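**Student:** Sharing a structure with you now.
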RNA sequence: GCGCUCGUAGCUCAGUUGGAUAGAGCAACUGCCUUCUAAGCAGUAGGUCGCACGUUCGAGUCGUGCCGGGCGCACCA
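As structure tokens, then:
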């Protein structure tokens, strides 16, 4: 464990019951290891570099009936020159119970630790009472990060592929904030470039004067874009016309600019509506159009300074020495590219927001090489800031890749409407007495939960094959399953509030195994936040070490935890009666219901999902 | 061709960085609503972890080779 990690643990987890239990176990084990008990081993001596064990050797047993934490003794066996089983036995036999940890038992090469049911449960409830809504959050040293996500293009439709970006972005922002970071979320919208020129060219030539229906703007423009792509593919000579349109736009031609502004606004209005609908808030909207012309200027300066060179009529930077091939900065027809604008954007971000430590770009992994080139190019021109490409894999359909160019997309609007139809029907079946507004609100919360969870439940690095029918599920490993567990906890609390109960002032009575199990799961929330947000704030931010880096940094870990927590809440709901027992038990159990409710609510929040009180 | 990546139950995916008997969800089958919301719960069935070697106390996990997908490799974004 590095110093940095220890620091972080001390800043955050030191104040939780689980962390305290780990500290106690390590302390107890170190006492045994540093005594003379083990010196009689075949080696006879302790390795000189052995100092003490730390919390990272503690794991979860495969079966929770074995214990609450365990420690495999294989690496210790090497140090002491004894068999793992022998070490485990010595550690277990000499373990003295602590306030939170009742016992240790050796099973083969493992030591399994059992928490004190009452003390640990009380400690978790105490954490919750102290932290409240901030349970699971860290207050560690502030680091300032700019997170760019939400980069749809105007003049195209927003489709389900964009949702993965938006939802990962939203969750990453919330995770980093929970980890105590100062996060600036920004959006970067592609409102210029070849696709826009192509669309406007075809609009003017074949659809001049036509207007989209309200709410159909993206679909309307997207269809024209698809048509344009088809026509240009059929007749290559049309490329010149499209290029001329882009040149006209980039040089500020009045008529084309007016058409661009009007159609652009259609798209922007639609996008803003979608961002708002799914809960994505940005501190700043960057547009490609605002960095295009300064970007071109920058590239020409690089050419003059000899940092860039001409090649086949285009301006490039040769990155062969970094094994990154050739990086194209400006097209041979003088028009801009992604790179032209991104070089400028990077500088603009750091000049607008002061004291930024890191800039994170959440973009799909097909652009991994591009970003490596971009970061290398920036470094070469003296821009030495921490830049990270957080790559996720693409959303495809069973038939193959979704592409606006080909026109085979499932739009966000279609997906949402289909989900809403189903969710409103399901809600109505359960609550025929609800009015329309209430039905609609709950259905929307469920739909949002289902959409977001579906996009986050899987490792971001793996592709999602989108199936509309499967995505319509509200059962099993889904958002609504978790939301439902939350609603059940709320329902108990609501009923309790109506009951006129005599509350016992202190928590009294014995915590049962079921009660403990629920709180044991709740206690993992801070640890989950720590692990899931650890990636971008520690170690090397090197895209070449992607697996190691992103392995930890992944909302899917939170999704998995959240689902487990919901299962434990349902276990509790099934096994432990709350309202029908005596005052003492009821008070204690209501505290646990409250703990489950809060943990579920916080965990869902990290995924960008609202927790309904009823559904 | 070069580079990256993936291959685990019928389907969609986990597998805590090499550790205990490979786990969930869906679909299938059997049950459970006079008992805090059945968007739930209990149970059954389902596996040669693509194939073959290798590394070691131990491999789904690491290495090499093969087979089979996906993505990228200068004027698209």
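Residue numbers (full-length UniProt numbering): 1 to 615. Backbone N, C-alpha and C fix where the C-beta goes; we use that ideal spot for every residue, glycine too. Predicted model only: the values in this text are computed from it and were never measured.
In angstroms, rounded to a whole number, what distance separates the CA positions of residue 466 and residue 202?
**Tutor:** Near 30 Å, if we compare the C-alpha coordinates of residue 202 and residue 466.
**Student:** Between the region 18 to 35 and the region 65 to 76, do three or more beta carbon pairs fall short of 8 Å?
**Tutor:** Verdict: yes, contact present.
**Student:** So what's residue 597 in DSSP terms, helix, strand or just coil?
**Tutor:** Three-state result, residue 597: helix.
**Student:** What separation, rounded to the nearest whole angstrom, lies between the Cα atoms of residue 596 and residue 399?
**Tutor:** About 42 Å.
**Student:** Does the contact criterion of 3 or more C-beta pairs under 8 Å hold for the region 154 to 171 versus the region 452 to 465?
**Tutor:** Yes: at least three Cβ pairs fall under 8 Å.
**Student:** Could you name each continuous beta strand (DSSP E) segment of 3 residues or more that falls completely within the region 235 to 269, going from the start of the chain to the end?
**Tutor:** Segments of the beta strand (DSSP E) lying fully in the region 235 to 269: there are none.
**Student:** Excluding the 5 residues flanking residue 223 on each side, which residues of the same chain have their C-beta closer than 8 Å to its C-beta?
**Tutor:** Excluding positions up to five away in sequence, the list reads 407.
**Student:** Classify residue 240 as buried or exposed, calling it buried when 16 or more other Cβ atoms lie within 10 Å of its own Cβ.
**Tutor:** The residue in question, residue 240, is exposed, as its Cβ has fewer than 16 Cβ neighbours within 10 Å.
**Student:** Who are the near neighbours of residue 289 in its chain, counting only those whose CB is closer than 6 Å to its CB and skipping five residues on each side?
**Tutor:** Excluding positions up to five away in sequence, the list reads 191, 192.
**Student:** Taking the C-alpha atoms as reference points, what is the distance between residue 568 and residue 433?
**Tutor:** Rounded to the nearest angstrom, the two C-alpha atoms are 31 Å apart.
**Student:** Pair every Cβ in the region 305 to 320 with every Cβ in the region 259 to 268, then say whether three or more of these pairs are closer than 8 Å.
**Tutor:** Too few Cβ pairs lie closer than 8 Å, so no.
**Student:** Taking the C-alpha atoms as reference points, what is the distance between residue 131 and residue 572?
**Tutor:** Taking the straight line joining both Cα atoms gives about 23 Å.
**Student:** Following the continuous alpha helix (DSSP H) through residue 520, name the residue where it begins and the one where it ends.
**Tutor:** First-last of the alpha helix (DSSP H) with residue 520: 513 to 522.
**Student:** Is it right to say residue 392 is buried, meaning 16 or more other beta carbons lie within 10 angstroms of its own, or is it exposed?
**Tutor:** By the neighbour-count rule (16 or more Cβ atoms within 10 Å), residue 392 is buried.
**Student:** What are the boundary residues of the beta strand (DSSP E) that residue 148 is part of?
**Tutor:** 144 to 148 is the extent of the beta strand (DSSP E) around residue 148.
**Student:** Could you check which residue in 608, 205, 300, 110 has the C-alpha nearest to that of residue 57?
**Tutor:** Of 608, 205, 300, 110, the residue nearest in Cα terms is 110.
**Student:** Quick one: Cα of residue 418 to Cα of residue 482, how far?
**Tutor:** Cα to Cα, residue 418 sits roughly 21 Å from residue 482.
**Student:** Taking three-plus beta-carbon pairs below 8 Å as touching, is the region 573 to 588 in contact with the region 424 to 439?
**Tutor:** Short answer: they don't touch.
**Student:** Identify which residue in 302, 356, 349 has its Cα closest to the Cα of residue 330.
**Tutor:** For the residues 302, 356, 349, the minimum Cα distance to residue 330 belongs to 302.
**Student:** If you count every other CB in all the chains shown that lies within 10 Å of the CB of residue 206, and 16 or more means buried, which is it?
**Tutor:** Its Cβ having fewer than 16 others within 10 Å, residue 206 is exposed.
**Student:** In chain order, what residues of the same chain lie with their CB nearer than 6 Å to the CB of residue 174, ignoring the 5 residues before and after it?
**Tutor:** Closer than 6 Å at Cβ, skipping near neighbours: 606.
**Student:** State buried or exposed for residue 520, treating a residue as buried only when at least 16 other CB atoms are found within 10 Å of its CB.
**Tutor:** Label assigned to residue 520: buried.
**Student:** Taking only the alpha-carbon atoms, compute the straight-line gap between residue 598 and residue 127 and give it to the nearest angstrom.
**Tutor:** Spanning the two alpha carbons is a distance of roughly 12 Å.
**Student:** How many angstroms separate the CA atom of residue 397 from the CA atom of residue 221?
**Tutor:** About 22 Å.
**Student:** I need the straight-line Cα distance from residue 361 to residue 348, nearest angstrom please.
**Tutor:** Distance between the alpha carbons of residue 361 and residue 348: 14 Å.
**Student:** Should residue 40 be labelled buried (16 or more other beta-carbon atoms within 10 Å of its own) or exposed?
**Tutor:** Any answer about residue 40 is weak, because its pLDDT of 48 lies below 50 and its placement is not dependable; what the coordinates show is given next. Looking at its Cβ environment, which holds fewer than 16 other Cβ atoms inside 10 Å, residue 40 is exposed.
**Student:** Here's the rule I'm using: 16 or more other beta-carbon atoms within 10 Å means buried, otherwise exposed. How should residue 134 be labelled?
**Tutor:** Residue 134 comes out exposed.
**Student:** Under DSSP, the alpha helix (DSSP H) around residue 26 begins and ends at which residues?
**Tutor:** Here the alpha helix (DSSP H) through residue 26 covers 17 to 34.
**Student:** Report the option in 410, 171, 387, 158 whose CA atom is closest to the CA atom of residue 628.
**Tutor:** Residue 628 is absent from the model: the chain starts at 1 and stops at 615.
**Student:** Around the C-beta of residue 579, are 16 or more other C-beta atoms found within 10 angstroms, so that it is buried, or is it exposed?
**Tutor:** Exposed, because fewer than 16 other Cβ atoms sit within 10 Å of the Cβ of residue 579.
**Student:** Taking only the alpha-carbon atoms, compute the straight-line gap between residue 341 and residue 199 and give it to the nearest angstrom.
**Tutor:** Rounded to whole angstroms, residue 341 to residue 199 spans 20 Å at the Cα level.
**Student:** Measuring straight from C-alpha to C-alpha, what distance separates residue 528 and residue 137?
**Tutor:** Those two C-alpha atoms are separated by around 10 Å.
**Student:** Can you check whether the CB of residue 609 is closer than 8 Å to the CB of residue 359?
**Tutor:** No, the pair does not count as a contact, with Cβ atoms beyond the cut-off.
**Student:** Quick check on the DSSP output: what are the complete beta strand (DSSP E) runs of length 3 or more inside the region 378 to 438, in order along the chain?
**Tutor:** Taking only runs of at least 3 residues, the beta strand (DSSP E) segments lying wholly in the region 378 to 438 are 386 to 392, 395 to 397.
**Student:** For residue 159, which beta-bridge partners are listed by DSSP?
**Tutor:** Its beta-bridge partners are 411.
**Student:** Have a look at 98, 117, 86 and flag the residue whose alpha-carbon is nearest the alpha-carbon of residue 106.
**Tutor:** When each option's Cα is compared against that of residue 106, the closest is 86.
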